[in-house]
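S.K.: Here's a structure for you.
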Amino acid sequence: MTAHACIRCGHRPEQGDEYCILCGAPVRNRCTNDGGPFGDPCTHVNGPNAAFCAKCGHRTVFHKAGLIASPYAETVGHRTADPDEWRHFSHRFFWD
Numbered sequence: 272m273t274a275h276a277c278i279r280c281g282h283r284p285e286q287g288d289e290y291c292i293l294c295g296a297p298v299r300n301r302c303t304n305d306g307g308p309f310g311d312p313c314t315h316v317n318g319p320n321a322a323f324c325a326k327c328g329h330r331t332v333f334h335k336a337g338l339i340a341s342p343y344a345e346t347v348g349h350r351t352a353d354p355d356e357w358r359h360f361s362h363r364f365f366w367d
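In structure tokens, the structure reads:
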């Protein structure tokens, strides 16, 4: 999903551009969740008005870059009771 125009300066990016060539702003509003040391990153591309990822709840690159604001703080935190958390221990790093 490429933005129709740069959210910062209004320039129309070329197909495949990742950043605006005039102001350097990101063109796609991707999720910033990198997955941590053992997890998989979230690769979801959100709409241009999303401050947080619709798939996992982490901040988007537009929000992190200060291009859009949210009246709320980031809600994703460390969850100790999440059973999905144990899937990280199935990573090949922990194999014998």
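Residues in the sequence shown are numbered consecutively from 272, following the working numbering. We put the CB at the ideal spot given by N, CA and C, even for glycine.
Candidates ARG279, CYS302, ARG301: which alpha carbon is nearest CYS291's?
M.R.: The residue you call residue 291 lines up with position 20 of the sequence shown. It is ARG279 whose Cα lies nearest to the Cα of CYS291.
S.K.: Does the beta-carbon of THR331 have 16 or more other beta-carbons within 10 angstroms, so that it is buried, or is it exposed?
M.R.: Position 60 of the sequence shown, counted from the first residue, corresponds to residue 331. THR331 comes out buried.
S.K.: Is it the case that the Cβ atoms of PHE313 and CYS294 are separated by a distance below 7 Å?
M.R.: For the purposes of this step, residue 313 is identified with residue 42 of the sequence shown, where counting begins at 1. For the purposes of this step, residue 294 is identified with residue 23 of the sequence shown, where counting begins at 1. According to the sequence provided, residue 313 is Cys. The question's Phe does not apply to it. No.
S.K.: In terms of alpha-carbon separation, which member of GLY310, VAL298, PRO308, GLU285 lies closest to ASN317?
M.R.: Residue 317 sits at position 46 when you count from the first residue of the sequence shown. Comparing Cα positions, the closest option is VAL298.
S.K.: Please return the same chain residues whose Cβ sits closer than 6 Å to the Cβ of MET272, not counting the five positions on each side in sequence.
M.R.: What you label residue 272 is simply residue 1 of the sequence shown in a count that begins at 1. Below a pLDDT of 50, predicted positions are generally treated as unreliable, and MET272, at 47, falls in that range; no measurement from the model is reported.
S.K.: Secondary structure at VAL332, three-state DSSP: helix, strand or coil?
M.R.: As a first step, residue 332 is located in the sequence shown; it is residue number 61 there, counting from the start. VAL332: helix per DSSP, three-state reduction.
S.K.: Using C-beta distances below 7 Å, list every residue in its chain close to LYS335, excluding the 5 sequence neighbours before and after it, in chain order.
M.R.: For the purposes of this step, residue 335 is taken as residue 64 along the sequence shown, with counting starting at 1. Cβ within range, chain order: THR303.
S.K.: Given a cut-off of 7 Å on the beta-carbon distance, is the pair ALA321 and ASN300 in contact?
M.R.: The residue given as residue 321 occupies position 50 in the sequence shown. The residue given as residue 300 occupies position 29 in the sequence shown. Yes, these two residues count as a Cβ contact at 7 Å.
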